[in-house]
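**Q** Handing you this structure, nothing more for now.
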Amino acid sequence: MDEYEPESNKGLSKEQLFSALNAAQTALMMIDRDFKITYVNQKSMDLLKTHEALFQSFWPNFRADEDFLMGYCIDGFHSNPAHQRQMLSNPSNLPYTTTIEVKDVKIELNVGAIIDGQGNYVGNTLEWSDVTAAVAQQNDIARLQAAVDQAQTAMVMIDRDFNITYANQETLKLFGKHEATLRTVWSGFTASEDWLMGRCIDEFHKNPAHQRQLLSDPSNLPYKTDIQIADLTIELNVASITDSQGNYIGNTLEWSDVTAIRAQQDDVARLQAAVDQAQTAMVMIDRDFLITYANKETIELFGKHEAKLRTVWSGFTASEEWLMGRCIDEFHKNPAHQRQLLSTPNNLPYKTDIDIADIKIELNVAAITDAQGNYIGNTLEWRDVTEERAKEQEVGRLASAVKGMTTNMMMADKDGIIQYLNPALSTLLKSRESDLQKALPGFDASNLVGKNIDVFHKKPSHQRNIISNPDRLPFSSNIAVGGLEFNLTCIAMHDAQGNYIGPALQWEDITEQQDGQRQVEALIQRAISGELNERIDTSVYSGFMKELGDGINNLLDTMVEPIGQCIDVMSRVADGDLNTNMSDDNKGEFGRLSDAVNTSILNLRNMVDKITQASARVATASTEIAEGNNDLSQRVEAQASNLEETAASMEQMTATVRQNADNAKGANSLAEDATKKASKGGEVVGQAVSAMSEINTASKKIADIIGVIDEIAFQTNLLALNAAVEAARAGEQGRGFAVVAGEVRNLAQRSAAAAKEIKGLIKDSVEKVDEGSRLVDESGDTLNEIVEAVEKVTELIAQIASSSLEQSTGIDEINRAITTMDEMTQQNASLVEETSAASQSLKDEGKQLIHLMNFFASDDNVATFDSPKTKDSGHKSSNVREIRTPRVANAGFKAGEEGDEWEEF
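Counting from 0, one number per residue, gives the positions in the sequence shown under numbering that gives the first Met the number 0.
This is the structure:
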């Protein structure tokens with residue numbers, strides 16, 4: 000490396016120079032004039048190692064190690080090597096600095112010339128620096144500087160001495176706008192960068208110590224405040240500035256002229272307070288129909304009716320959190336209608352009543368416009384008018400009801416002066432005017448309004464005492480006037496505040512009702528006593544009472560005839576005559592009575608005939624049952640004998656199956672033992688395979704070591720050869736050294752020969768070990784197959800043992816079942832004998848039953864329990880059907896069906 004040493008470094012050794020380069024913190028690389036790398040220091044290796052994967056994506060064979068780099072031509076790193084060769088061809092082009100980009104990594108490259116002691120241009124130095132982070136930081140600084148310079152916020156920066164170091168363009172505009180005002184506070188103030196730069200901010204404060212104390216500790220920041228300068232209000236935001244090491248190096252001051260904003264905020268605060276404290280529930284929405292505000296009165300109104308509102312809008316909550324931002328479309332079935340109404344302020348203001356469940360809300364909608372007159376939203380005023388509207392409707396309903404009702408109504412004031420008569424009462428009094436004039440001379444039914452109700456009473460003081468005290472009302476009484484009877488009901492009337500304003504009197508003419516009631520009561524008492532021949536005299540009545548009296552008389556006439564028929568028919572049935580019926584001419588409930596009686600008699604006739612027939616059949620059947628029981632007894636005895644023989648055979652089979660199960664269990668144990676031994680053999684073979692593999696590995700390592708020895712012998716031989724050459728150059732002085740070098744060379748050659756021979760032997764051993772490993776592997780595979788076969792045999796034997804056990808259990812159960820069948824057969828034989836005795840008893844009872852049924856006299860030709868009359872009557876309707884019992888219990892029963900049971904009747 001002597002040719003690389005510059006003249007100025009003659010006093011330094013080569014080792015000192017390389018030590019300095021290796022210890023340098025700059026990545027350094029040297030190339031010769033053939034552009035091949037001759038030196039790479041440790042810092043270069045570290046840099047290349049850091050980005051090795053990235054470089055390999057461009058140069059696949061690249062490795063960050065000395066073996067790859069030393070002697071490598073740098074042309075391999077360039078897509079156009081001619082450009083670099085042209086630049087490095089003349090040292091006058093150097094030094095040269097450039098930045099190269101490899102994907103997202105930026106490398107700064109400094110190229111210099113290497114001149115030897117004779118001034119010859121012998122190569123180049125290449126200094127590398129990874130400037131990726133530095134370039135990114137510079138770009139960030141540039142972006143931040145542009146952002147601050149072009150910011151729309153006025154910004155000033157100061158250092159730790161509180162001197163202004165920067166003011167952006169917006170700051171100069173702000174100060175220029177108010178320069179005259181600021182000059183009245185700070186004499187000589189000029190809105191220019193020259194005046195501001197380097198000026199201490201203490202000049203702008205009456206008490207600089209306060210600001211210095213605040214800015215002395217960055218933990219006090221950021222800090223925001225409004226400062227008053229003459230009639231200007233400036234919002235000041237102060238923040239700390241720290242360097243990359245986190246040192247507190249200054250502050251930023253952001254200035255905003257908020258004079259107009261603060262005045263506007265004061266106005267808004269006053270308006271907000273007025274709306275917040277308003278006694279009217281108020282909501283505001285924007286043009287997207289989203290709720291932006293709801294005052295306290297609104298929350299209270301919604302809270303009062305929250306449960307009802309939730310039944311309409313699921314999840315409704317009377318809280319500001321739930322309401323804010325919610326679209327009012329949710330509260331309407333047809334949002335398009337509201338959106339159309341609110342689409343233009345020309346439709347507003349708008350007032351309407353809306354119904355929510357049983358709540359009625361008066362809604363007033365108005366437009367909200369901004370300072371420029373733009374339509375920006377709406378106010379919605381809510382008022383609960385449920386009670387108010389209910390009272391209004393109630394008054395209207397009452398007025399209409401009183402006027403149109405058929406009830407006779409009169410109203411008076413507290414003094415008893417008649418204020419109103421409804422048309423019904425006027426008509427009533429007019430129709431009874433002649434009768435009333437008999438008791439009340441001068442009575443005029445058409446001229447009562449304005450008169451005192453005393454005209455109807457002989458002793459007005461009694462009535463006055465009643466109507467003057469509302470606590471005694473309501474009051475009801477029957478009065479008699481000139482042969483007429485009236486029911487008079489007096490109730491108190493109150494105004495909206497609950498004050499008593501007079502009585503309302505309801506008149507009811509009960510003259511005919513009372514007389515008719517007395518006659519009806521007398522008639523009912525006679526009917527209760529069984530006297531159904533009495534009738535009401537209707538010749539003295541008219542209208543409702545006449546119709547009522549005639550109706551009661553007809554009712555009694557209608558009831559007497561069918562009841563008589565029923566009594567006559569049932570008397571004949573009691574005597575045993577089943578050939579009688581009621582008339583088919585009865586209608587309604589009496590028709591149902593006729594149908595029920597006739598159907599009962601018909602069913603009774605059918606029942607008697609069927610019982611007679613059934614009794615005969617029972618006698619015949621009981622004889623057949625007795626004969627069948629005898630035959631059954633013989634078969635049961637034969638079956639019992641067969642069961643005994645079957646039980647004996649099953650016992651022999653059970654002994655055989657049990658022996659098979661024991662043998663299968665023993666075979667299963669032997670198979671399991673064989674499986675265990677085969678598995679153990681497999682493990683031993685596996686261990687042998689592993690040992691052979693380790694021997695193979697050790698042999699290969701020995702072969703590698705012999706290879707190293709062989710290489711060392713080769714290198715030693717080369718060194719001995721070089722020593723011999725150097726000794727020859729030294730002449731006579733190197734002869735002794737040549738002899739030694741010759742001996743070393745002979746030893747090296749002998750070592751190489753011995754290593755070669757050992758290498759051959761090791762290679763042969765490795766091959767034999769490989770063959771042994773292969774044979775052991777095959778033995779292991781074969782033994783594994785044996786283990787698998789034994790396991791399968793074991794599984795089959797286990798299944799046979801299990802099946803034999805199941806067979807033994809099943810045969811035991813069959814034995815028990817046969818034993819049970821034998822016992823049941825014995826019981827059946829006993830039951831057959833008992834059944835035979837019962838059959839004879841049944842035959843005797845049937846004869847007795849025929850004798851009893853001969854009491855009834857009936858026709859011989861009875862085909863069915865349902866007559867045509869019965870079927871038709873099933874479709875008749877009646878007003879009292881729901882409170883009656885069913886007409887017939889077995890209306891669907893038909894004669895002649897073999898399976899019928901007469902007990903159902």
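Note that CB positions come from ideal geometry on N, CA and C, so glycine has one too.
Return the first residue and the last residue of the alpha helix (DSSP H) that Met544 is part of.
**A** Note, Met544: alpha helix (DSSP H), 542 to 573.
**Q** Between the beta-carbon of Val448 and the beta-carbon of Leu420, is there less than 8 Å?
**A** Cβ atoms of Val448 and Leu420: closer than 8 Å.
**Q** Using C-beta distances below 8 Å, list every residue in its chain close to Met492, excluding the 5 sequence neighbours before and after it, in chain order.
**A** Answer for Met492: Met410, Tyr499, Ile500, Gly501, Pro502, Ala503, listed in chain order.
**Q** Counting only the same chain and skipping the five closest in sequence on each side, list residues whose C-beta sits under 8 Å from that of Lys42.
**A** Taken in chain order, the residues that qualify are Ala23, Gln24, Thr25, Ala26, Leu27.
**Q** Could you pull out every residue in the same chain whose Cβ sits closer than 8 Å to the Cβ of Ser877, ignoring the five residues on either side in sequence?
**A** Confidence is the limiting factor: at Ser877 the pLDDT is only 38, short of 50, which leaves the residue's position unreliable, though a coordinate-based value still follows. Correct list, in chain order: Gly587, Glu588, Arg591, Arg883.
**Q** By the DSSP assignment, the alpha helix (DSSP H) with Phe67 in it spans what residues?
**A** Run containing Phe67: 65 to 68, per the alpha helix (DSSP H) assignment.
**Q** According to DSSP, is Glu790 part of a helix, a strand, or is it coil?
**A** Correct three-state label for Glu790: helix.
**Q** Can you check DSSP and say which residues form a bridge with Phe161?
**A** Phe161 is not bridged to any residue.
**Q** Considering only residues of the region 289 to 326, which uninterrupted beta strand (DSSP E) runs meet the minimum length of 3 residues and lie entirely inside it, listed in chain order?
**A** Entirely contained in the region 289 to 326, the beta strand (DSSP E) runs reaching 3 residues are, in chain order, 290 to 293.
**Q** Measuring only the C-alpha atoms, how far is Ser18 from Gln714?
**A** Straight-line Cα distance between these residues: approximately 28 Å.
**Q** Alpha carbons only, please: which of Gln371, Ile360, Ile375, Glu393 is nearest the one belonging to Trp381?
**A** Considering only alpha carbons, the answer is Ile360.
**Q** For a quick check, are the C-beta atoms of Ala663 and Ile796 less than 8 Å apart?
**A** Yes.
**Q** Verify the contact flag: Glu202, CB atom, against every heavy atom of the ligand COA, threshold strictly below 7 Å.
**A** Absent from the structure shown: the ligand COA. Ligands present: none.
**Q** Buried or exposed: where does Ala229 fall if 16 or more other Cβ atoms within 10 Å of its Cβ makes it buried?
**A** Exposed: under 16 other Cβ atoms inside 10 Å.
**Q** Measure the alpha-carbon distance for Phe188 versus Trp194 and round it to whole angstroms.
**A** Taking the straight line joining both Cα atoms gives about 8 Å.
**Q** To test your reading of the DSSP string, which unbroken alpha helix (DSSP H) runs of 4 or more residues are found completely within the region 77 to 150?
**A** Runs found: 80 to 87, 131 to 148.
**Q** In angstroms, rounded to a whole number, what distance separates the CA positions of Ala238 and Thr49?
**A** Between Ala238 and Thr49, the C-alpha separation is close to 39 Å.
**Q** Please classify Asn878: does DSSP put it in a helix, a strand, or coil?
**A** Because the pLDDT of Asn878 is 35, which lies under 50, any placement of that residue in the model is unreliable, and the number read from its coordinates should be weighed accordingly. Looking at Asn878 - three-state DSSP - the assignment turns out to be coil, as it is neither helix nor strand.
**Q** When DSSP labels each residue in this structure, what does Leu173 get in the three-state scheme?
**A** In the structure shown, Leu173 sits in a helix (DSSP, three-state: H, G or I).
**Q** Could you check if Glu881 is buried or exposed, using at least 16 other CB atoms within 10 Å of its CB as the buried criterion?
**A** Since pLDDT at Glu881 reaches only 35, below the 50 mark, its modelled position is unreliable, and no value is offered.
**Q** Within a Cβ cutoff of 7 Å, which residues of the same chain sit near Gln732, ignoring the five residues on either side of it in sequence?
**A** None.
**Q** My understanding is that Val101 touches Phe57, with C-beta atoms under 8 Å, so please give their C-beta distance in whole angstroms.
**A** That belief holds up - the Cβ atoms of Val101 and Phe57 are roughly 7 Å apart, short of 8 Å.
**Q** Going by beta-carbon coordinates alone, are Gln339 and Met408 separated by less than 8 Å?
**A** Contact: no.
**Q** Can you tell me which of the three DSSP states Asn783 falls into?
**A** Of the three classes helix, strand and coil, the one that applies to Asn783 here is helix, per DSSP.
**Q** Could you compute how far the alpha carbon of Glu916 sits from the alpha carbon of Thr385?
**A** One cannot answer for residue 916 here, as it falls past the ends of the chain, which runs 0 to 904.
**Q** Going by the DSSP bridge assignment, what does Tyr38 pair with across the sheet?
**A** DSSP lists Met29 as partners of Tyr38.
**Q** Run through DSSP, which three-state label would Pro469 get?
**A** Reduced to three states, the DSSP call for Pro469 is helix.
**Q** So, at 7 Å on beta carbons, what are the nonlocal neighbours of Gly75 in its own chain, with the 5 sequence-adjacent residues on each side left out?
**A** Closer than 7 Å at the Cβ level, and outside the excluded window around Gly75, lie Trp58.
**Q** Using a Cβ-Cβ cutoff of less than 6 Å, which residues in the same chain neighbour Phe301 once the five nearest sequence positions on both sides are dropped?
**A** Within the same chain, Phe301 has close Cβ partners Ala317.
**Q** Report the residue from Asn486, Gly482, Gly481, Val480 whose alpha carbon sits nearest the alpha carbon of Phe474.
**A** Nearest C-alpha to Phe474: Asn486.
**Q** Measuring straight from C-alpha to C-alpha, what distance separates Met957 and Thr224?
**A** Because residue 957 is not part of the residues shown, which for the chain are 0 to 904, the question remains open.
**Q** Check whether the Cβ atoms of Ala723 and Ala747 sit closer than 8 Å, and answer yes or no.
**A** No, the Cβ-Cβ distance between Ala723 and Ala747 is not below 8 Å.
**Q** Looking at the strands, I want to know which residues DSSP matches up with Gly239.
**A** Rather than Gly, the amino acid found at residue 239 in this sequence is Ser. According to DSSP, which records beta bridges pairwise, Ser239 is partnered with Asn250.
**Q** So, with DSSP's three-state summary, where would you put Lys359?
**A** Of the three classes helix, strand and coil, the one that applies to Lys359 here is strand, per DSSP.
**Q** Is Phe203 helix, strand or coil by DSSP?
**A** Correct three-state label for Phe203: helix.
**Q** I need the straight-line Cα distance from Asp98 to Ala690, nearest angstrom please.
**A** Note that residue 98 is Thr in the sequence shown here, rather than Asp. Rounded to the nearest angstrom, the two C-alpha atoms are 59 Å apart.
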